[in-house]
Ligand SMILES: Cc1ncc(C[n+]2csc(CCOP(=O)(O)OP(=O)(O)O)c2C)c(N)n1
Ligand SMILES: Cc1ncc(C[n+]2csc(CCOP(=O)(O)OP(=O)(O)O)c2C)c(N)n1
Ligand SMILES: [Mg+2]
Ligand SMILES: [Mg+2]
């Protein structure tokens with residue numbers, strides 16, 4: 001996926017003079033995940049900008065650039081370090097259009113690697129995307145595959161409004177997938193059915209989509225047909241797709257590694273019961289990270305959902 | 001309520017040397033809402049500290065004081081200005097116990113006025129409590145009455161862990177209620193049944209409790225018996241109380257002025273369908289603020305839920 | 001550090017005037033017009049016709065002096081207290097009034113006016129001016145961005161990050177801090193241990209200037225130099241304009257709780273408008289009748305704006321959903337229907 | 001601004017030594033022990049026995065010199081790269097190792113050791129040191145708080161707010177910035193337009209000192225003075241210790257991408273440990289056999305800590321719920337049951 005994102009950034013920089021990349025270590029080193037590798041060499045330090053360690057400054061400056069007519073793509077090194085920039089995002093990035101009644105807009109993209117499963121140090125496994133989904137005025141999307149990453153990032157750059165683009169760290173080097181050459185875009189705000197299933201649907205996004213598919217494989221061996229819906233967009237949630245999937249089977253498992261309380265799983269469960277209550281054969285099962293700090297390497301696997309936990313929840317819905 | 005909170009602060013300062021109050025304009029002027037009125041005069045500028053305009057600094061310094069053995073009560077002037085302090089809260093205040101495996105703790109209280117309905121300027125009507133409820137390691141509570149405010153604040157000061165104490169701005173001068181003299185505490189983490197009802201239950205908190213009661217009055221005139229449950233605690237949510245209320249009537253309306261997506265209403269709906277699905281006679285109705293910036297004075301009333309919107313949702317559950 | 005002053009408190013000129021009498025008269029009119037707006041708003045707020053209002057009386061020279069140094073197409077990024085500067089840079093009175101009335105339509109500045117709606121979050125907007133100036137440079141324009149903020153803003157982390165970025169990337173940004181003595185109730189002496197706010201500039205490798213903010217001429221000279229530096233690609237400048245907020249923090253503030261009247265009276269003697277009047281009179285460029293003329297014109301201008309704002313058709317509630325994105329999201333469309341269905345019931 | 005140096009690069013003493021040979025030998029041992037730990041961790045990480053590791057080779061004088069100026073009960077608030085300083089102030093090697101192994105039990109410093117677990121968020125911890133020192137003063141103690149951070153941290157807004165609070169409230173805080181040349185790949189020259197990071201102090205009304213961070217004596221003298229000022233209630237001090245990170249940012253970093261070996265080689269010639277050795281040798285307080293002795297002892301000490309850490313019984317997964325609050329909330333108890341029920345399935 002890192003490669004696909006790099007391609008998207010390359011295409012964006014090449015095709016639009018207004019595109020600027022800014023973040024910590026994005027230039028000389030090509031980013032701590034090498035996602036911006038080679039871009040500064042190709043497009044120069046004026047357009048691929050190494051910024052001081054100041055997240056609020058990075059987002060705030062990118063915001064100003066966007067209002068001024070550029071198309072900045074800001075990178076925050078890890079989601080755990082995005083909090084200092086949260087005020088800029090909630091108070092200004094997501095509001096300038098409203099505040100100026102459309103006179104000024106902030107078409108910027110904020111790229112943020114997120115999520116656990118790699119045994120990283122504290123703050124490096126955050127999955128607090130619900131906070132951004134709860135923030136008015138910004139779209140929040142999460143690719144699960146290289147293909148989606150490239151198409152969604154190019155769509156995000158084209159979008160006339162701010163987009164928070166969350167990149168699952170675990171998937172950067174996972175999934176060697178053929179990605180179409182050149183430019184293509186995928187619609188923002190739409191979920192994707194990645195697997196059909198008649199007994200139940202597993203709703204997931206980001207790195208959890210792969211876990212959901214693994215769970216579906218396990219379930220298949222038991223004769224349980226589980227579909228998988230990749231949300232792709234957390235704000236807005238593609239309610240129609242979620243509700244349609246829920247109605248089809250009447251059983252829903254929603255998976256996220258974010259904390260449980262007021263997380264994305266709660267939103268999906270709320271939507272399903274709101275619009276598909278009478279089709280439900282069992283409660284929507286929330287498989288989530290816990291309301292704890294993400295544990296460090298030695299016990300992290302007890303926090304991040306995996307196939308068995310998902311399958312177990314799925315089996316419960318079958319009993320319902 | 002402002003008076004009740006002032007009393008609680010007075011009692012806390014008087015009874016415990018370790019209690020310190022710090023915030024913007026909390027001293028000389030007694031706070032923009034006069035909640036800390038007279039305290040600096042009584043306890044001195046060393047214990048009731050006027051801080052520079054720096055929210056991260058206020059919370060970070062209070063955090064250090066708490067780790068150092070004090071019992072700081074930090075005030076953020078408005079919830080809309082708490083975002084610069086969010087990194088300190090999520091990255092340190094809520095984590096030091098986990099990070100140090102209980103060696104260090106941060107028993108501080110962060111008081112924050114919040115909510116709309118008073119036609120305030122931008123940023124002064126925020127209701128983003130879900131973000132704090134989604135934050136591990138901090139308890140989040142909201143009083144709806146002067147009585148609750150005093151007892152819960154004193155409990156928060158006694159609590160060995162950090163508490164975010166949200167004060168509904170609309171209620172500061174509303175409800176002239178007799179409050180017991182002297183010290184008393186109310187348990188944190190417990191919801192309160194404020195009105196019994198056999199047909200449905202309205203779950204609310206903060207200023208919305210009063211709106212829920214008004215809605216219940218309206219419904220009563222139509223022969224609909226609506227109970228009202230005051231959540232009081234957003235983290236943790238008193239699930240047992242919510243589920244019990246849901247089971248009793250099978251109909252639930254949950255009210256919040258926070259944004260809809262991934263907000264507190266979604267959490268309550270998710271819990272209800274999870275644990276009381278088979279008792280539900282209708283979908284849990286979410287009556288919320290919208291996923292927009294809180295509108296300014298001229299159209300704010302179309303954003304903040306009121307009795308009629310709540311009653312209307314309640315009637316829908318009766319049809320279900 | 002020495003404070004730059006060109007017009008003495010008693011109005012006598014020290015050194016050369018940076019502008020001629022004609023231009024001085026034009027700016028005098030502007031200051032008077034700003035003051036008329038300020039008085040009107042305070043009055044309207046008392047009548048309940050405006051929400052909370054933040055008066056700028058006493059800061060007219062700092063604001064008009066800053067805006068006067070700009071080119072019409074330069075960016076201005078200012079606060080809730082900077083109506084005079086915003087207006088002088090092209091932001092109409094009616095827009096400013098609508099904002100105060102709680103009507104989002106006020107936020108729409110006319111095309112070509114590069115003034116952001118006033119920023120309420122203390123400190124956060126400085127970096128916006130950095131990004132705006134930066135974007136102009138990358139687009140090959142020589143527009144610059146000037147940001148106005150208060151003494152209180154210098155305590156925020158965002159002040160630091162904005163100053164540092166401006167220094168590191170040498171952006172065409174002019175930072176004008178109106179040190180008006182207070183952040184609500186906090187006197188500036190208790191906001192920092194530094195002798196002057198201007199002392200902070202060296203930590204960012206940029207020039208820091210201390211100027212009498214109640215001296216129109218000094219403001220024009222100092223801000224003018226900073227704007228020229230920025231436009232010539234010589235980078236940012238930090239300016240501490242020492243002034244004083246004669247009124248309360250806002251119409252809901254009781255300044256009596258944290259300052260005594262003698263100090264206020266002393267500052268009234270340093271009034272920025274009186275100072276220019278005295279100068280003009282001495283230069284035979286002022287007389288009673290002219291002032292009453294322009295005062296009447298100013299009053300009429302403000303009244304017209306008020307009438308226009310109050311005559312505007314009601315704001316469509318569902319516009320709140322349209323203001324969020326170029327195209328409302330599916331979530332917002334659903335919520336709009338919900339509002340249609342029952343949201344208006346409480347209205 | 002002039003850089004304070006007492007031991008020249010070649011080890012010759014300029015001026016008076018702040019400590020006697022015996023104490024110098026003790027600190028030399030400490031620096032060697034730190035270096036042994038550093039080498040061991042880098043090796044273990046390659047073997048997959050540790051998660052990412054952040055080497056501090058080259059910064060031993062800055063870290064030991066800072067910690068040596070503290071009283072055993074003073075507070076130390078440091079970063080992921082400051083293991084040597086933390087250990088010297090009483091934080092056991094085994095705790096530091098456990099943290100790197102991804103085991104939260106490492107965070108529990110022994111009672112009486114006032115060292116916070118290392119802070120990973122750049123810049124955020126400085127204000128904690130301000131609050132800690134402040135709390136000591138309010139409790140009538142003369143303990144002070146010293147915080148270590150890097151050049152990169154000076155770009156964060158939290159640096160600014162911490163420095164400002166320390167200045168305004170004159171807290172007993174010592175700010176020691178280890179300017180090791182880089183914030184990951186960002187050279188310090190591109191992090192600020194100021195000539196020196198120490199230039200930032202004046203903006204906060206506190207003394208700022210520039211010191212050779214590879215000079216143990218200079219560190220002890222300069223930090224010692226700052227600690228004394230803090231303890232005497234004279235307020236905070238900012239110290240820029242100029243040093244160099246000889247290793248990569250972390251074990252996953254490829255420093256070759258952003259710096260060339262000549263510069264690194266040049267800095268190796270300014271090695272802080274060699275400098276003290278040369279000095280001791282000249283003072284007849286060093287010989288080959290003694291160094292091999294202490295080197296062996298250091299190695300043994302580290303090996304023992306590694307053995308202890310690796311021998312620790314497995315970490316109970318459900319402890320994650322217990323670590324959040326004094327008493328787990330109802331939500332955490334429910335989640336613990338869910339983990340019991342099926343959470344372990346993927347383990
Ligand atoms: C981030 C933030 N914190 C707190 C506030 C509340 N507040 C509004 S104005 C103000 C004081 C600002 O003082 P200063 O910067 O000197 O500007 P002035 O009001 O004097 O023009 C404060 C604390 C705010 N608007 N934003
Ligand atoms: C708030 C925050 N932003 C970004 C990071 C990622 N990061 C880790 S270390 C580092 C560089 C810090 O440089 P410096 O302060 O000089 O310390 P050094 O690593 O050189 O010791 C960065 C950007 C972080 N840990 N925290
Ligand atoms: Mg001010
Ligand atoms: Mg460094």
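Residue numbers (my numbering), protein chains in the order written: chain D, 1 to 320; chain S, 1 to 320; chain X, 1 to 347; chain V, 1 to 347.
Backbone N, C-alpha and C define an ideal beta-carbon position, used for all residues, glycine too.
These numbers come from a predicted model, not from an experiment.
Residue i beta carbon near ligand 2 (any heavy atom closer than 7 angstroms)
{"i": "residue 77 (chain D)", "result": "yes"}
{"i": "residue 201 (chain V)", "result": "no"}
{"i": "residue 175 (chain V)", "result": "no"}
{"i": "residue 135 (chain D)", "result": "no"}
Own chain, CB closer than 7 angstroms to residue i, minus 5 neighbours either side, in chain order
{"i": "residue 322 (chain V)", "result": "328"}
{"i": "residue 128 (chain D)", "result": "79, 258"}
{"i": "residue 60 (chain V)", "result": "31, 34, 35, 84, 272, 273"}
{"i": "residue 307 (chain D)", "result": "211, 214, 215, 218"}
{"i": "residue 155 (chain S)", "result": "185, 186, 187, 188"}
{"i": "residue 223 (chain X)", "result": "65, 66, 69, 174, 176, 239"}
{"i": "residue 158 (chain V)", "result": "123, 124, 126, 127"}
Distance CB(residue i)-CB(residue j) smaller than 8 angstroms
{"i": "residue 167 (chain D)", "j": "residue 318 (chain D)", "result": "no"}
{"i": "residue 12 (chain S)", "j": "residue 73 (chain S)", "result": "yes"}
{"i": "residue 141 (chain S)", "j": "residue 75 (chain S)", "result": "no"}
{"i": "residue 266 (chain S)", "j": "residue 262 (chain D)", "result": "yes"}
{"i": "residue 124 (chain X)", "j": "residue 297 (chain S)", "result": "no"}
{"i": "residue 214 (chain X)", "j": "residue 270 (chain X)", "result": "yes"}
{"i": "residue 285 (chain S)", "j": "residue 269 (chain D)", "result": "no"}
{"i": "residue 145 (chain V)", "j": "residue 93 (chain V)", "result": "no"}
beta-carbon residue i near ligand 4 non-hydrogen atom, thresh 7 angstroms
{"i": "residue 213 (chain V)", "result": "no"}
{"i": "residue 58 (chain V)", "result": "no"}
{"i": "residue 150 (chain V)", "result": "yes"}
beta-carbon residue i near ligand 1 non-hydrogen atom, thresh 7 angstroms
{"i": "residue 221 (chain D)", "result": "no"}
Residues sharing a beta bridge with residue i, DSSP
{"i": "residue 71 (chain S)", "result": "S:19"}
{"i": "residue 177 (chain X)", "result": "X:149, X:240"}
{"i": "residue 46 (chain V)", "result": "Bridge partners of residue 46 (chain V): none, in fact."}
Cutoff 6 angstroms; reference residue i; Cβ partners in own chain excluding five residues on either side
{"i": "residue 171 (chain D)", "result": "1, 207"}
{"i": "residue 205 (chain X)", "result": "167"}
{"i": "residue 106 (chain S)", "result": "63, 66, 67, 93, 96, 162"}
{"i": "residue 137 (chain D)", "result": "94, 95"}
{"i": "residue 279 (chain D)", "result": "247, 250"}
Residue i CB to nearest heavy atom of ligand 3 below 7 angstroms
{"i": "residue 224 (chain V)", "result": "no"}
{"i": "residue 50 (chain S)", "result": "no"}
{"i": "residue 62 (chain X)", "result": "no"}
Residues near residue i in its chain [Cβ-Cβ closer than 8 angstroms; skip 5 each side]
{"i": "residue 295 (chain V)", "result": "32, 36"}
Starting from the N-terminal side, write out each stretch of the alpha helix (DSSP H) that is 4 residues or longer and does not extend beyond the segment 197 to 254 of chain V. 216 to 231
If we require 4 or more residues per run, which alpha helix (DSSP H) segments fall completely within the segment 248 to 312 of chain S? 264 to 276
Every unbroken alpha helix (DSSP H) inside the segment 51 to 139 of chain V [4 residues or more]: 60 to 68, 83 to 88, 93 to 101, 126 to 138
List, from N- to C-terminal side, the beta strand (DSSP E) runs of 3 residues or more that fit wholly inside the segment 145 to 176 of chain D. 163 to 168
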